[in-house]
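Everything below concerns the one structure shown next.
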Amino acid sequence: MIPFNKPYISGRETEYIADAVKRGKISGNGDYTKMCQNFFEERYGFPKTLLTTSCTDALEMCALLLDIAPGDEVILPSYTFVSTANAFALRGAKLVFADSRADQPNIDETEIEELITPKTKAIVIVHYAGVTCDMDAFRDICDRHDLVLIEDAAQAIDSYYLDVPLGSLGDLATFSFHETKNIISGEGGMLVINNELYKRKAEIVWEKGTNRAEFFRGEVDKYGWQDLGSSFLPSEITAAFLWAQLENIEDIQMRRLSLWEQYNDGLSAFPNRKFSRPIIPEYATKNGHLYYILCQDIETRTELIQYLKAHGIHAVFHYLSLHSSPYYADKHDGRVLPNSDRYTETLLRLPLYYELESVEKIVNAIRTFDEK
Ligand SMILES: *Cc1c(COP(=O)(O)O)cnc(C)c1O
939 MIPFNKPYIS GRETEYIADA VKRGKISGNG DYTKMCQNFF EERYGFPKTL LTTSCTDALE
999 MCALLLDIAP GDEVILPSYT FVSTANAFAL RGAKLVFADS RADQPNIDET EIEELITPKT
1059 KAIVIVHYAG VTCDMDAFRD ICDRHDLVLI EDAAQAIDSY YLDVPLGSLG DLATFSFHET
1119 KNIISGEGGM LVINNELYKR KAEIVWEKGT NRAEFFRGEV DKYGWQDLGS SFLPSEITAA
1179 FLWAQLENIE DIQMRRLSLW EQYNDGLSAF PNRKFSRPII PEYATKNGHL YYILCQDIET
1239 RTELIQYLKA HGIHAVFHYL SLHSSPYYAD KHDGRVLPNS DRYTETLLRL PLYYELESVE
1299 KIVNAIRTFD EK
């Protein structure tokens, strides 16, 4: 069976973990954490980064940084992972779900402004499959309405809007190093702080509401409770694992992009009668995070999953529209979001991981299914 995902291991993870243990500081914000944060700041020009225990946690930090409270509204896509929504719902925000674009699953920038009210505090966008949203449009909307822009860049490491790295255009951005992403640490994530306004507070929220980070740097002679916060830092063991991955980021990205292209070339070599391939806007790069196809309807997708399974291939779908989920359906304002529902029913993800060798076998299976 070709699995859907297999975590990439560079081979040096346990060596660096052993080293972290030997250094005698294994809680958070040690040498490996700083090495990883410096890496991201140098490679992508992020002004400030903080490693977190997950992208979910980084999103929860965003809600705390914005002082989200009951009465506030947050606009976000319905077609996304639950963490994008939970982070703000946990602080009592009203979630205003926006539809996806007709041509691809990213949030539709043309339908945002009609959702803005005096209570709107932030827009959270998701770069689905590592493909950027229309950042000029979102920056413009947020500037004109004085809203905070947050990028859920969980899937978007090493991807660009024109020549600008994703994660650097929102006021805040979040990344994931969960084992299903390109660069991993088991569970793990990162908050990027681009807006100066949140720099000091982010460090305080990260360190349980204290200014311990300033104390460690020798900037203050004692530390104490400054604000609301929680425990958002990963241990050095997690950071050491991540460091072993970052050393190989070029190789990982090259391999994943090559697999993405193999899928796209292979599938474009015959008429796609029962499905369509991803559309990448001109302003977007790819980062090989995931390859998906859109089946003509849910029945076709169910059949194709079964057909691939019978041929030893595990393909999966994901994201059930959040606006009609068991938890949120009766809180949603009733608007219909047809594109989000269409991706919920028709999107299929194909296996894509570093060690995958058999793209050809998968393409051939899809071709025979398509010709049936
Ligand atoms: C993976 C993912 C998350 C959650 O990341 P974790 O690190 O597992 O918390 C959030 N949003 C999106 C869009 C994701 O793909």
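Its first residue numbered 939, the sequence shown is counted upward by one per residue in the working numbering. Every residue gets a Cβ at the ideal spot worked out from N, C-alpha and C, and that includes glycine.
Item                                                                                                                                                                                                      : Value
Nearest CA to the CA of serine 1278: which residue from Tyr1017, Val1012, Thr1148?                                                                                                                        : Tyr1017
By how many angstroms is the C-alpha of phenylalanine 1113 removed from the C-alpha of threonine 1238?                                                                                                    : 33 Å
Would the region 1022-1036 count as touching the region 986-1003 if we require 3 or more Cβ pairs under 8 Å?                                                                                              : yes
If you measure between the beta carbons of arginine 950 and alanine 1178, is that distance less than 7 Å?                                                                                                 : no
Is DSSP giving leucine 1290 helix, strand or coil here?                                                                                                                                                   : coil
How is the alpha helix (DSSP H) around lysine 972 delimited, first residue to last?                                                                                                                       : 969-982
Identify which residue in Ile1013, Gly1156, Asp1074 has its Cα closest to the Cα of leucine 1085.                                                                                                         : Ile1013
Ligand 1 heavy atoms versus the CB of phenylalanine 1124: any closer than 6 Å?                                                                                                                            : One point to set straight first is that residue 1124 is glycine, not phenylalanine, in the sequence displayed. False, no ligand heavy atom lies under 6 Å from that Cβ.
Just checking alanine 1092 against ligand 1 - is the residue's beta carbon closer than 6 Å to any of the ligand's heavy atoms?                                                                            : yes
Using a 10 Å radius around the Cβ and a threshold of 16 neighbouring Cβ atoms, would you call arginine 1280 buried or exposed?                                                                            : buried
Would the region 1156-1172 count as touching the region 1030-1041 if we require 3 or more Cβ pairs under 8 Å?                                                                                             : no
Report whether the distance from the Cβ of cysteine 993 to the nearest heavy atom of ligand 1 is below 6 Å.                                                                                               : yes
So, histidine 1249 versus alanine 1207, is the Cβ gap smaller than 7 Å?                                                                                                                                   : no
Using a 10 Å radius around the Cβ and a threshold of 16 neighbouring Cβ atoms, would you call glycine 968 buried or exposed?                                                                              : buried
In the DSSP output, which residue or residues are listed as bridge partners for aspartate 1090?                                                                                                           : Val1064, Thr1112
Quick one: using the 10 Å Cβ neighbour count with 16 as the cut-off for buried, is asparagine 976 buried or exposed?                                                                                      : exposed
By alpha-carbon positions, which one of Ile1218, Tyr1266, Gly966 ends up nearest to arginine 1150?                                                                                                        : Gly966
Specify, as a first and last residue, the run of the beta strand (DSSP E) that lysine 1032 falls within.                                                                                                  : 1032-1036
Under 8 Å, with one C-beta from each stretch per pair, do the region 1186-1205 and the region 1284-1294 reach the 3-pair mark?                                                                            : yes
DSSP state of proline 1219, grouped into three classes?                                                                                                                                                   : coil
Using 8 Å as the cut-off, can you tell me whether the region 1167-1177 makes contact with the region 970-989, which would need three or more C-beta pairs spanning the two stretches below that distance? : yes
Look at the alpha carbon of tyrosine 1099 and the alpha carbon of glutamate 1220, and state the distance between them as a whole number of angstroms.                                                     : 9 Å
Since threonine 1176 and glycine 1124 should fall inside the 8 Å C-beta cutoff, what is the C-beta to C-beta distance between them, to a whole number of angstroms?                                       : 7 Å
Is the beta carbon of lysine 1212 closer than 7 Å to that of glutamine 1234?                                                                                                                              : yes
So, with DSSP's three-state summary, where would you put isoleucine 1251?                                                                                                                                 : strand
To the nearest angstrom, how far is the alpha carbon of arginine 1305 from that of aspartate 995?                                                                                                         : 41 Å
Can you tell me which of the three DSSP states phenylalanine 1208 falls into?                                                                                                                             : coil
Since methionine 939 is in the beta strand (DSSP E), which residue starts that stretch and which ends it?                                                                                                 : Segment: none, methionine 939 is in no beta strand (DSSP E) and carries neither H nor E.
Below 8 Å on the Cβ atoms is my guess for alanine 1094 versus glycine 1105; work out the distance and round it to an integer in Å.                                                                        : 7 Å
Among Glu1283, Leu1290, Ser948, which residue has its Cα nearest to the Cα of glutamate 1188?                                                                                                             : Ser948
Is the beta carbon of glycine 1127 within less than 6 Å of some heavy atom of ligand 1?                                                                                                                   : yes
Figure out for me which residue from Glu1185, Lys944, Leu1053, Glu1047 has the closest Cα to the Cα of leucine 974.                                                                                       : It is cysteine, not leucine, that sits at residue 974 in the sequence shown. Nearest of Glu1185, Lys944, Leu1053, Glu1047 to cysteine 974, Cα basis: Glu1185.
Is valine 1301 near glycine 1204, with beta carbons less than 7 Å apart?                                                                                                                                  : yes
Would you please state the rounded distance, in angstroms, between the beta carbons of alanine 956 and isoleucine 964? I believe it to be under 8 Å.                                                      : Actually they are not in contact, since the Cβ atoms of alanine 956 and isoleucine 964 sit about 11 Å apart, beyond 8 Å.
Excluding the 5 residues preceding and the 5 following histidine 1083 in the sequence, name in chain order all residues of the same chain whose CB lies nearer than 6 Å to its CB.                        : Ile1054
Do leucine 1246 and histidine 1290 come within 7 Å of each other at the CB atom, strictly closer than that value?                                                                                         : The sequence as given places leucine at residue 1290; histidine does not occur at that position. The answer is no: Cβ separation not under 7 Å.
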